[in-house]
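K.L.:
Questions regarding the structure given below will be posed in turn.
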Ligand SMILES: C[S@@+](CC[C@H](N)C(=O)[O-])C[C@H]1O[C@@H](n2cnc3c(N)ncnc32)[C@H](O)[C@@H]1O
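In my numbering, the protein residues as written are 257 to 655.
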């Protein structure tokens with residue numbers, strides 16, 4: 257296996273520490289640098305070992321035993337789980353996810369009170385937060401610690417808590433190997449770049465993101481359309497508080513963070529938004545919820561409006577089974593239970609079944625505006641479906 261030039265992740269001190277970003281020490285930075293580089297090494301150089309193990313050992317043995325090659329990613333997974341190289345690789349990969357959570361929580365927990373106080377000051381100055389404690393948490397959120405995040409996006413430890421948001425923000429640069437840039441906002445910049453390149457005359461006046469978390473994707477969109485009213489909804493109060501404080505500290509003042517379930521947005525009138533989007537959101541919902549969300553999107557969108565949903569590509573028949581297997585790792589090892597089902601579904605069909613005409617639908621490749629490793633010249637590399645390049649599944653209403 258060759259040493260890959262991109263095994264070295266960009267140093268964590270490239271992270272832009274805005275006004276609500278948790279304070280951290282020299283040792284915290286060293287720990288994150290270790291995790292980011294270990295992640296990249298596992299994905300790139302050692303990742304090649306999985307393909308070799310499959311090609312040289314696992315696939316030939318399976319074919320000999322069954323008198324045929326594996327016919328699904330599930331068969332490949334159960335065969336690969338018995339391979340010693342893959343088992344060790346997989347355990348190490350899971351371990352980096354757990355360590356990443358431990359590092360950011362060890363940074364955030366000692367300052368949980370200070371962060372809550374600072375967030376409250378920043379938010380009350382701007383008034384950019386609407387919480388609704390009656391919002392019901394869907395079971396697909398309440399019952400899973402997504403990607404090993406203790407308490408997921410919603411758990412509150414103290415009044416006014418922002419720790420879930422701070423934990424998420426502190427560690428995401430390491431998880432993505434810096435691929436999303438210093439503010440981890442690459443998806444938002446990618447959406448803006450795609451809109452400006454492909455639809456330069458599109459001027460949305462009201463914009464909605466469903467499942468906005470702390471606003472990584474929301475803020476670049478709000479900055480690109482400074483005259484628009486931009487709303488991000490999410491079910492998690494601590495991520496919304498942190499997001500509102502982060503937006504205030506970054507000086508983005510046309511956004512409001514709202515606690516609401518995207519499956520039922522009756523607080524907003526029919527045809528009241530020009531642009532409604534989600535980003536890495538659908539894979540954390542469920543089959544049923546996705547349909548309800550799309551029905552709401554179809555109701556809320558103005559005629560001529562755009563809806564866009566960023567996800568990693570579906571497992572189409574054109575995608576080799578081995579690639580499907582490796583992209584599915586997070587579903588089985590990193591607490592992303594809906595990931596595997598979602599990628600069997602054509603999101604275009606979900607739009608078509610929930611109010612959009614087939615003539616209105618499109619799929620577009622959307623990649624991060626500033627690619628991997630903070631180096632403009634290097635394209636983003638694949639990392640088990642975490643590369644900073646997505647497919648945008650969308651529709652223009654009424655076209
Ligand atoms: C992976 S994160 C999305 C990341 C974010 N869109 C971004 O681009 O930075 C998924 C988010 O969806 C939220 N979520 C899940 N189901 C939801 C629902 N039914 N309504 C609103 N938010 C939901 C979660 O609380 C979580 O914050």
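Every residue, glycine too, gets a C-beta built ideally from N, C-alpha and C.
With respect to 6 Å, is the separation between the Cβ of residue 517 and the closest non-hydrogen atom of ligand 1 below this value?
P.N.:
One-based indexing of the chain shown puts residue 517 at position 261. Answer for residue 517: yes, Cβ within range of ligand 1.
K.L.:
Assuming residue 430 and residue 460 are in contact, meaning their beta carbons sit under 8 Å apart, how far apart are those beta carbons, in whole angstroms?
P.N.:
Against the chain shown, residue 430 aligns to sequence position 174. Against the chain shown, residue 460 aligns to sequence position 204. With 8 Å as the limit, residue 430 and residue 460 do not qualify as a contact, their Cβ atoms being about 33 Å apart.
K.L.:
Around the C-beta of residue 337, are 16 or more other C-beta atoms found within 10 angstroms, so that it is buried, or is it exposed?
P.N.:
Residue 337 sits at position 81 when you count from the first residue of the chain shown. It is exposed - the Cβ of residue 337 has fewer than 16 other Cβ atoms within 10 Å.
K.L.:
Could you tell me which of 479, 440, 493 and 398 sits nearest to residue 414, measuring between CA atoms?
P.N.:
Numbered from its first residue, the chain shown carries residue 414 at position 158. Nearest C-alpha to residue 414: 493.
K.L.:
Go through its chain and collect everything with a Cβ distance to residue 590's Cβ below 6 Å, but skip five positions before and after it.
P.N.:
Locating residue 590 in the chain shown gives position 334, where the first residue counts as 1. Excluding its 5 nearest sequence neighbours in each direction, residue 590 has C-beta neighbours in its own chain below 6 Å: 353 and 403, listed in chain order.
K.L.:
Check for me: the alpha helix (DSSP H) holding residue 301 runs from which residue to which?
P.N.:
Reading the chain shown from its first residue, position 45 is the one you call residue 301. Residue 301: not part of any alpha helix (DSSP H); DSSP gives it neither H nor E.
K.L.:
Quick check: the stretch 323-333 against the stretch 563-578, are there 3 or more CB pairs under 8 Å?
P.N.:
yes
K.L.:
So, are the CB atoms of residue 603 and residue 450 less than 7 Å apart?
P.N.:
Translated into positions along the chain shown, residue 603 becomes position 347. Translated into positions along the chain shown, residue 450 becomes position 194. Result no, Cβ atoms of residue 603 and residue 450 do not sit closer than 7 Å.
K.L.:
Quick one: which unbroken alpha helix (DSSP H) runs of 4-plus residues sit fully inside the stretch 289-370? Chain order, please.
P.N.:
For the stretch 289-370, whole alpha helix (DSSP H) runs of length 4 or above, ordered along the chain, are 303-309, 315-322, 329-336 and 340-364.
K.L.:
Do residue 392 and residue 514 have their C-beta atoms within less than 7 Å of each other?
P.N.:
In the chain shown, counting from the first residue as 1, residue 392 sits at position 136. In the chain shown, counting from the first residue as 1, residue 514 sits at position 258. Not closer than 7 Å, so no.
K.L.:
Would you kindly work out how many angstroms separate the C-alpha atoms of residue 571 and residue 314, rounded to a whole number?
P.N.:
Residue mapping note: residue 571 aligns to position 315 of the chain shown, counting from 1. Residue mapping note: residue 314 aligns to position 58 of the chain shown, counting from 1. Roughly 21 Å separates the two Cα atoms.
K.L.:
How about residue 502 and residue 470: do their beta carbons lie closer than 7 Å?
P.N.:
For this step, residue 502 is matched to residue 246 along the chain shown. For this step, residue 470 is matched to residue 214 along the chain shown. A contact, by the Cβ cut-off of 7 Å.
K.L.:
Give me, in chain order, the residues of the same chain whose beta-carbon lies closer than 6 Å to that of residue 619; leave out the 5 immediate sequence neighbours on both sides.
P.N.:
For this step, residue 619 is matched to residue 363 along the chain shown. Result list for residue 619: 647 and 649, in chain order.
K.L.:
Give every residue of the same chain whose Cβ lies closer than 7 Å to the Cβ of residue 378, excluding the five residues on either side of it in the sequence, and list them in chain order.
P.N.:
Within the chain shown, residue 378 is the residue found at index 122, counting from 1. Result list for residue 378: 275, 276, 501, 504 and 505, in chain order.
K.L.:
Is the closest heavy atom of ligand 1 to the C-beta of residue 473 under 6 Å?
P.N.:
Stepping through the chain shown from its first residue, residue 473 is reached at position 217. Yes, the Cβ of residue 473 comes within 6 Å of a heavy atom of ligand 1.
K.L.:
Helix, strand or coil: which one does DSSP assign to residue 629?
P.N.:
Position 373 of the chain shown, counting from 1, holds the residue named residue 629. With a pLDDT of 46 at residue 629, under the threshold of 50, the modelled position of that residue is not reliable, and the figure given next carries that caveat. If DSSP states are grouped into helix, strand and coil, residue 629 belongs with the helices.
K.L.:
Does DSSP put residue 455 in a helix, in a strand, or in coil?
P.N.:
As a working note, residue 455 is residue 199 in the chain shown. It is coil, neither helix nor strand.
K.L.:
Would you check whether ligand 1 has a heavy atom nearer than 6 Å to the C-beta of residue 234?
P.N.:
Shown here, the chain extends from 257 to 655; a query on residue 234 therefore has no answer.
K.L.:
Considering only residues of the same chain and omitting the five flanking positions on each side of residue 552, which have a CB-CB separation below 6 Å?
P.N.:
Against the chain shown, residue 552 aligns to sequence position 296. Only 521 meet the Cβ criterion.
K.L.:
One question on the structure: do residue 478 and residue 486 come within less than 7 Å of each other, judged by their Cβ atoms?
P.N.:
Position 222 of the chain shown, counting from 1, holds the residue named residue 478. Position 230 of the chain shown, counting from 1, holds the residue named residue 486. A contact, by the Cβ cut-off of 7 Å.
K.L.:
Just how far apart, CA to CA, sit residue 564 and residue 464?
P.N.:
Residue 564 sits at position 308 when you count from the first residue of the chain shown. Residue 464 sits at position 208 when you count from the first residue of the chain shown. In a straight line, the C-alpha of residue 564 is about 11 Å away from that of residue 464.
K.L.:
Nearer than 6 Å: is that true of the beta carbon of residue 394 relative to any heavy atom of ligand 1?
P.N.:
Sequence index remark: in the chain shown, residue 394 carries index 138 (1-based). Yes, since a heavy atom of ligand 1 falls inside the 6 Å radius drawn around the Cβ of residue 394.
K.L.:
Whole angstroms is fine: what's the gap from residue 423's alpha carbon to residue 615's?
P.N.:
For this step, residue 423 is matched to residue 167 along the chain shown. For this step, residue 615 is matched to residue 359 along the chain shown. One C-alpha to the other measures close to 42 Å.
K.L.:
Look up residue 484 in the DSSP assignment and say whether it is helix, strand or coil.
P.N.:
Against the chain shown, residue 484 aligns to sequence position 228. Note: residue 484 maps to coil in three-state DSSP.
K.L.:
Within 6 Å: the Cβ of residue 526 and any heavy atom of ligand 1?
P.N.:
Position 270 of the chain shown, counting from 1, holds the residue named residue 526. Every heavy atom of ligand 1 is 6 Å or more from the Cβ of residue 526, so no.
K.L.:
How would you label residue 344, buried or exposed, when you count the other beta carbons within 10 angstroms and need 16 or more for buried?
P.N.:
The residue labelled residue 344 in the question sits at position 88 within the chain shown. By the 10 Å Cβ count, residue 344 comes out exposed.
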